[in-house]
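Note sheet for the following structure.
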Amino acid sequence: MCLAVPGKVLEIESNPLGLRMGKADFGGIVKTVCLEYTPEIVPGDYVLVHVGFALSKVDEEEAVRTYEILREMNQLADLEEAEAEAARAAPAKGDAP
Amino acid sequence: MKYIDEYRQQALAEAVAKEIHRTVTRPWVLMEVCGGQTHSIVKYGLDGLLPKEVELVHGPGCPVCVTPLEMIDKAHAIARQPDVIFCSFGDMLRVPGSESDLLILKSRGADVRVVYSPLDCLKIARANPDKQVVFFAIGFETTAPANAMSVWQARQEGLHNYSMLVSHVLVPPAMEAILRSPDNRVQGFLAPGHVCAVVGYREYEPISAKYHVPIVVTGFEPLDLLEGTLMTLRQLEAGKAEVENQYPRVVKRDGNLVAQELVNKVFEVCDRAWRGVGTIPQSGYRLRPEFRDYDAEQLFQVAGIRTQESPICISGLVLRGVKKPHDCPAFGKECTPQHPLGATMVSAEGACAAYYTYGRHLQQQKGAPAKQSELEVVHS
Numbered sequence: 000m001c002l003a004v005p006g007k008v009l010e011i012e013s014n015p016l017g018l019r020m021g022k023a024d025f026g027g028i029v030k031t032v033c034l035e036y037t038p039e040i041v042p043g044d045y046v047l048v049h050v051g052f053a054l055s056k057v058d059e060e061e062a063v064r065t066y067e068i069l070r071e072m073n074q075l076a077d078l079e080e081a082e083a084e085a086a087r088a089a090p091a092k093g094d095a096p
Numbered sequence: 000m001k002y003i004d005e006y007r008q009q010a011l012a013e014a015v016a017k018e019i020h021r022t023v024t025r026p027w028v029l030m031e032v033c034g035g036q037t038h039s040i041v042k043y044g045l046d047g048l049l050p051k052e053v054e055l056v057h058g059p060g061c062p063v064c065v066t067p068l069e070m071i072d073k074a075h076a077i078a079r080q081p082d083v084i085f086c087s088f089g090d091m092l093r094v095p096g097s098e099s100d101l102l103i104l105k106s107r108g109a110d111v112r113v114v115y116s117p118l119d120c121l122k123i124a125r126a127n128p129d130k131q132v133v134f135f136a137i138g139f140e141t142t143a144p145a146n147a148m149s150v151w152q153a154r155q156e157g158l159h160n161y162s163m164l165v166s167h168v169l170v171p172p173a174m175e176a177i178l179r180s181p182d183n184r185v186q187g188f189l190a191p192g193h194v195c196a197v198v199g200y201r202e203y204e205p206i207s208a209k210y211h212v213p214i215v216v217t218g219f220e221p222l223d224l225l226e227g228t229l230m231t232l233r234q235l236e237a238g239k240a241e242v243e244n245q246y247p248r249v250v251k252r253d254g255n256l257v258a259q260e261l262v263n264k265v266f267e268v269c270d271r272a273w274r275g276v277g278t279i280p281q282s283g284y285r286l287r288p289e290f291r292d293y294d295a296e297q298l299f300q301v302a303g304i305r306t307q308e309s310p311i312c313i314s315g316l317v318l319r320g321v322k323k324p325h326d327c328p329a330f331g332k333e334c335t336p337q338h339p340l341g342a343t344m345v346s347a348e349g350a351c352a353a354y355y356t357y358g359r360h361l362q363q364q365k366g367a368p369a370k371q372s373e374l375e376v377v378h379s
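Protein chains in written order, with numbering that gives the first Met the number 0: chain A, 0 to 96; chain B, 0 to 379.
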């Protein structure tokens with residue numbers, strides 16, 4: 000129910016009834032969305048859309064930061080795996096005089 | 000899709016899961032509040048990636064599930080009236096009332112229409128000036144700005160054949176109700192990211208402090224959910240209880256102030272009954288008195304409906320995280336998505352319906368282990 004999807008704003012139009020509307024692209028599907036709650040948005044921005052309303056701008060910097068944290072965790076996991084492998088190999092070497 | 004695919008990568012999910020295994024030293028019970036999060040967790044089998052010490056219980060954040068049977072019967076009573084066009088989000092169509100559901104009413108001649116956005120109702124109202132267009136306005140804080148705008152705009156335009164049957168609910172009072180309950184097991188929360196996109200997370204700070212419980216605002220993609228789980232567990236292991244934000248690409252501490260302003264002009268906070276839980280004080284929205292002309296409950300006089308819930312159903316305990324769907328003797332037997340007995344089976348986002356959809360009733364019968372993760376592998 001609270002499903003909301005990020006879409007790229009393509010154009011902003013003012014509809015005759017005074018609402019700030021725009022077109023947004025969701026992976027190739029273009030839909031009309033209401034931009035009344037995101038007055039700062041300009042074409043090219045990504046917005047999070049729920050039931051036809053943009054609720055917030057997707058913050059590119061924060062998205063990158065979150066992703067970097069996850070990637071670092073992955074690199075750490077890789078590193079540990081390599082260390083564990085080395086440790087497994089080590090006793091064999093240790094046996095040698 | 001940008002901002003979606005990158006948060007579904009299997010290798011990263013496994014790395015976060017490893018970090019979770021490294022972090023956890025003893026048993027913890029966490030609750031994801033939102034039904035959309037429950038759906039993702041069960042769909043991708045994320046709970047299968049967690050150490051056995053970590054139990055995820057599923058919260059009350061499914062508005063379709065918690066809409067009282069009485070309100071659904073009211074909706075049906077209105078939809079049956081001549082000269083009414085009854086509009087609803089698709090999720091509500093198959094939810095059974097005491098006698099039927101909206102799809103059955105439609106097949107019997109009622110004018111029931113599915114809308115994607117509440118603004119669609121205004122189009123229908125403009126095109127049908129001789130009909131009364133009624134919208135079933137359900138939802139959490141996430142949906143309130145859209146629903147509020149439809150009433151606001153109707154008044155701006157002087158549209159008088161539009162009204163709403165309001166059954167809006169709010170997350171923080173429900174979380175407090177869970178924490179206050181004597182049988183509460185929840186030690187940390189993944190708070191609903193899209194609710195917080197609207198209202199921010201200031202409201203959660205006093206709850207976290209009062210009940211000494213970590214609350215982490217969390218997104219909906221598999222990696223968001225795993226990272227939110229990790230952040231909550233790190234706090235628990237360190238004895239901390241703070242509000243943190245896993246989902247800063249979407250959520251700011253203050254939320255969307257423009258949206259909040261309009262919501263507060265149109266709605267006011269009121270007591271609300273939650274299906275399976277009971278009445279929670281100050282846990283919902285109703286239209287302000289100045290918008291009474293748009294209140295379908297006032298316009299259609301549908302008071303006095305009496306309903307009875309199934310005596311077997313344990314959905315109230317599931318919604319509070321005390322029991323799991325498979326603890327119910329009726330789960331997957333008398334109670335299925337086709338014939339739901341209670342709140343958590345009526346919508347795809349209900350915990351029971353999610354368990355059923357992804358075959359967990361079958362695994363339980365066979366005594367098979369929890370489902371393995373089925374993350375999409377995305378190469379970016």
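Using N, Cα and C, we set each Cβ at its ideal position, and we do this for glycine too.
Since the model is a prediction, treat every value here as computed from it, not as a measurement.
Assignment of Thr217/B by DSSP, reduced to helix, strand and coil, places it in the strand class. Between the alpha carbons of Leu78/A and Leu49/B lies a distance of about 21 Å.
Against chain B, a Cβ distance below 9 Å from Arg70/A picks out Leu11 and Ala14.
Interface flag for Ser116/B against chain A is set, since a Cβ pair is found closer than 8 Å.
The bridge partners DSSP lists for Gln131/B are Val83/B. In the pairwise beta carbon analysis, the region 103-123 of chain B is classified as touching the region 85-92 of chain B: at least three pairs are separated by under 8 Å. Sorting Leu101/B, Tyr43/B, Gly34/B and Ala176/B by C-alpha distance to the C-alpha of Gln9/B places Tyr43/B at the top.
CA-to-CA, the gap between Arg201/B and Ile313/B works out to about 33 Å. Excluding residues up to 5 positions away in sequence, nothing lies with its Cβ nearer than 6 Å to the Cβ of Asp129/B in the same chain.
Scanning its chain for C-beta atoms nearer than 7 Å, with the 5 sequence neighbours on each side dropped, one finds around Phe219/B the residues Gly35, Gln36, Ser39 and Gly192, in chain order.
Exclusion of the five residues before and after Leu229/B leaves Val15, Glu18, Ile19 and Thr22 as the residues of its chain whose Cβ lies within less than 7 Å of its Cβ. By a beta-carbon distance limit of 8 Å, Tyr36/A contacts Val257/B. Their separation comes to about 5 Å. Listed in chain order, the alpha helix (DSSP H) elements of length 4 or more contained wholly in the region 135-205 of chain B are 143-156, 170-179 and 192-198. Within the region 40-102 of chain B, the complete beta strand (DSSP E) runs of at least 3 residues fall at 53-60 and 83-87. Residue contact with chain B for Gly51/A: present (Cβ-Cβ distance below 8 Å to some residue of chain B). If you draw a straight line from the Cα of Val212/B to the Cα of Val132/B, it is about 44 Å long. Neighbours of Leu78/A in chain B, taken as residues at a C-beta separation under 7 Å, are lacking, since the least C-beta distance is about 11 Å. Contact between the region 266-274 of chain B and the region 235-253 of chain B is not established, with fewer than three Cβ pairs separated by less than 8 Å. Under the DSSP assignment, Phe299/B falls in the alpha helix (DSSP H) whose first and last residues are Ala295 to Phe299.
Pairing Val198/B with Gln281/B gives a Cβ-Cβ distance that is not under 8 Å. Apart from the 5 residues on each side of it in sequence, Ala53/A sits with its Cβ closer than 6 Å to the Cβ of Val32, Leu34, Thr37 and Val46 in its chain, given in chain order. A residue is called buried once 16 or more other Cβ atoms fall within 10 Å of its Cβ, and Lys209/B, having fewer, is exposed.
Within the same chain, Glu202, Tyr203 and Ile206 come within 7 Å of Pro171/B by CB-CB distance, once the 5 residues on both sides are set aside.
Just measuring C-alpha positions, the residue of Ala350/B, Gly303/B, Tyr355/B and Val65/B sitting nearest Lys73/B is Gly303/B. If you ignore the 5 residues before and after Glu226/B, its C-beta comes within less than 7 Å of the C-beta of Val15 and Gln245, all in its own chain and listed in chain order. For Pro117/B, the uninterrupted alpha helix (DSSP H) run begins and ends at Pro117 to Ala126, by DSSP. DSSP links Pro5/A through a beta bridge to Leu47/A. In this chain, the alpha helix (DSSP H) harbouring Gly315/B covers Ser314 to Leu318.
Under the three-state reduction of DSSP output, Leu29/B falls in the strand class. Spatial neighbours of Lys322/B in its own chain (CB-CB distance under 8 Å, excluding positions within 5 residues in sequence) are listed in chain order as Ile313 and Leu316.
Per the Cβ contact rule, the region 155-164 of chain B is not in contact with the region 1-8 of chain B (fewer than 3 Cβ pairs under 8 Å). Of the residues assessed, Gln74/A falls on the exposed side of the cut-off, its CB having fewer than 16 other CB atoms within 10 angstroms. Val215/B is positioned such that its CB atom lies closer than 8 Å to that of Ala190/B. Interface with chain A (8 Å Cβ-Cβ cutoff): Met163/B is excluded.
Around Ala3/A, the beta-carbon contacts reaching into chain B at under 9 Å are Gly35, Thr141, Gly192, His193, Ala196, Phe219 and Val249. In terms of beta-carbon proximity, Leu222/B lines the interface with chain A, with at least one pair separated by less than 8 Å.
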